[in-house]
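So the sequence shown is residues 1 to 472, counted in the UniProt record's numbering.
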Amino acid sequence: MNVVVDTQGVQALFERVLPMEAGSGREPFEGFATLCEGLQRLGVKPGRAVLVALPNGTHFVALVFALLLLGAVPTPLPYSAPPGRIRRIAKLLGADLLILPCGAAIKALDAREAGRLSSELQWARLKDVVTLPYEPGEVVLLTSGTSGIFSGCVFDSAALLLNARRHAASIGQSAADRLLINLPLFYSFAFVAQLLSSYVLGNEVVLATPPFTPIHYHRTLLDLGITLSSLTPVMVTALCAADLDGLPPSLRRLTIGGDALAANLVPRLLARNPDLELYLTYGLTQAGPRVATLAAHLEPAGRHASVGRPLPEVEVELGGAPGASEGELLVVTDTAMQRRIRAGEADRLPPLRGQKRLVATGDHFHIDADGYLFFRQRNPTFVMRRGEKLCPRSICEIVESLPGIVSAEAWVRPNAGPNDEVALILDVQSQDPDLNERALRQQLAGILLRAEQPDRLDVTFAQHAIWQKGRR
């Protein structure tokens, strides 16, 4: 059985986790052996995928490492995922067992059976799910961006740990750090670059739960002596807008990843925090996830719009005409996903390049003569909305799967407001004359996440069914 974590290392991590939020105490760590036994009684065994729909906290950490030690396959989900979304993911990935908080509603999941796993956790066995075999030691991470909404990236956990080590080395992370995890742990960055890196390096961890507010974040850094933190560009923009970007001196390192950060904010952060090490990062789930890092505090202003150079053993190239200086970024790495599971297609394996795999990012970059990566634009198929990378076509595919829907078309337009926000517009052709906007929104609320909900929804009755599903 390919288990890459060990009991001693897991227990050592538990001792270094400093839970911050209410309801996230040390009880899951103290009852870890009982948790493992309970999972085994539920049929959890090597190669069995288990859906994890928990917020940040010690319950999440204990459950994920229990599954890894048992050789099972943890699959973190957005803990706010609607029941319809969970059922679809379960069927796609062949995972019928779901672990969720005791306060979460079970009835809407239409579970075959359910029960208590602990005082704070419950389980549900979902109906009509054909379980699929995985290899012990694998992990499934979801992505709503480049691979569409309903897709899972299957990784060897050893590769994820390797990616975590490379990331940590690129930012100087060490066992002496106290790291704040306030990004959702179902994000690949938080899961790999923060949680798994803490397991391998031995640093302390403070767990916080979303949502992010500048005042709460600032107070957390100050009160708990945080030395290392990671934010998204949306969070940084909010921090600057609140004039709270003068950070406590205890914070030695800040990484900013996700969508491209406005270059004018980099000198502002550095000027207000002269002793801060500021790292701009780039990655995507399919690559494992970390790809490149820029140590902005060591670079001239002309490179503040860059995400740096690739991590060691990571190669990059541009798609398109040979010799082009701009194009879609292609990543070649030994930490890439082993395969992708996506609705409507057979499992897809990334192309091999020797012992590595090639991943197309969907993002367009310029690479300068020194090998620095400069983000230009996202593939038009993908947009950033409310801090999430979305695929409008995938949203259309979900809508078109609903009864009575003939076709759906989605597009975005700039929205009057901060942060370059976009409005999502959905135009739906329906064969059901009784399906109005309100009724359709109720259906979509059971499937789509908040960031995927349309700002404007136009429902048209297609009296003559001349439209075909999937037509654009």
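Built from N, CA and C at the ideal position, the CB exists for glycine as well. Note that the coordinates shown come from a computational prediction; the quantities given were computed from them, not determined experimentally.
With a Cβ-Cβ cutoff of 8 Å, do residue i and residue j count as a contact?
i: R85; j: I447; result: yes
i: L195; j: L185; result: yes
i: L358; j: F365; result: no
i: F29; j: A72; result: no
i: M337; j: F191; result: no
i: V4; j: T75; result: no
i: L109; j: P83; result: yes
i: L269; j: D245; result: yes
i: S188; j: T255; result: no
i: I425; j: R450; result: no
i: L93; j: I341; result: yes
Quick check: the Cα distance between residue i and residue j, rounded to an integer number of angstroms?
i: I89; j: D243; result: 41 Å
i: A241; j: A81; result: 30 Å
i: A262; j: G225; result: 28 Å
i: E21; j: Q40; result: 29 Å
i: G371; j: L294; result: 11 Å
i: V206; j: E15; result: 12 Å
i: residue 511; j: D128; result: Past the edges of the chain, shown from 1 to 472, lies residue 511, and the structure says nothing about it.
i: V399; j: A445; result: 11 Å
i: G25; j: L18; result: 9 Å
i: A176; j: R219; result: 21 Å
i: S198; j: E204; result: 7 Å
i: V406; j: D427; result: 11 Å
i: G31; j: G103; result: 20 Å
i: E138; j: C153; result: 10 Å
i: A324; j: V331; result: 16 Å
i: D334; j: P433; result: 52 Å
i: G257; j: T281; result: 5 Å
i: R393; j: L352; result: 28 Å
i: V50; j: S229; result: 29 Å
i: P418; j: R339; result: Per-residue confidence for P418 stands at a pLDDT of 49, beneath the threshold of 50, marking its modelled position as unreliable; the derived number appears in the next sentence. Spanning the two alpha carbons is a distance of roughly 38 Å.
i: G9; j: R253; result: 25 Å
i: L161; j: L67; result: 16 Å
i: V307; j: P289; result: 14 Å
i: A237; j: L231; result: Per the sequence presented here, residue 237 reads as Thr, with Ala not at that position. Taking the straight line joining both Cα atoms gives about 10 Å.
i: A33; j: P249; result: 40 Å
i: G43; j: R272; result: 54 Å
i: E27; j: S119; result: 10 Å
i: A305; j: R376; result: 10 Å
i: L132; j: G47; result: 9 Å
i: A439; j: A105; result: 22 Å
Which of helix, strand or coil does DSSP assign to residue i?
i: T146; result: Residue confidence is low: T146 scores 44 on pLDDT, short of 50, so the model does not pin down where it sits. No coordinate-derived value is stated.
i: A124; result: strand
i: S430; result: strand
i: V4; result: coil
i: L356; result: The sequence given here has Lys at residue 356, not Leu. Three-state result, K356: strand.
i: C102; result: coil
i: P82; result: coil
i: I226; result: coil
i: T131; result: coil
i: S306; result: strand
i: I171; result: helix
i: F191; result: helix
i: F375; result: strand
i: S151; result: strand
i: R253; result: strand
i: P74; result: strand
i: F186; result: coil
i: L247; result: coil
i: G9; result: helix
Count the other C-beta atoms from every protein chain shown that fall within 10 angstroms of the C-beta of residue i, then say buried if there are 16 or more, exposed otherwise.
i: P454; result: buried
i: N2; result: exposed
i: A416; result: At A416 the pLDDT is 47, less than 50, meaning the model places this residue with poor confidence; the figure from the coordinates comes in the next sentence. The residue in question, A416, is exposed, as its Cβ has fewer than 16 Cβ neighbours within 10 Å.
i: I181; result: buried
i: I215; result: exposed
i: N264; result: exposed
i: S151; result: buried
i: D368; result: exposed
i: D275; result: exposed
i: G283; result: buried
i: A12; result: exposed
i: L117; result: buried
### Query
Three or more beta-carbon pairs under 8 Å between the segment 162-170 and the segment 284-302, yes or no?
yes
### At least 3 beta-carbon pairs within less than 8 Å: the segment 114-133 vs the segment 303-315
With a cut-off of 8 Å, the segment 303-315 and the segment 114-133 do not count as touching, because too few Cβ pairs lie within range.
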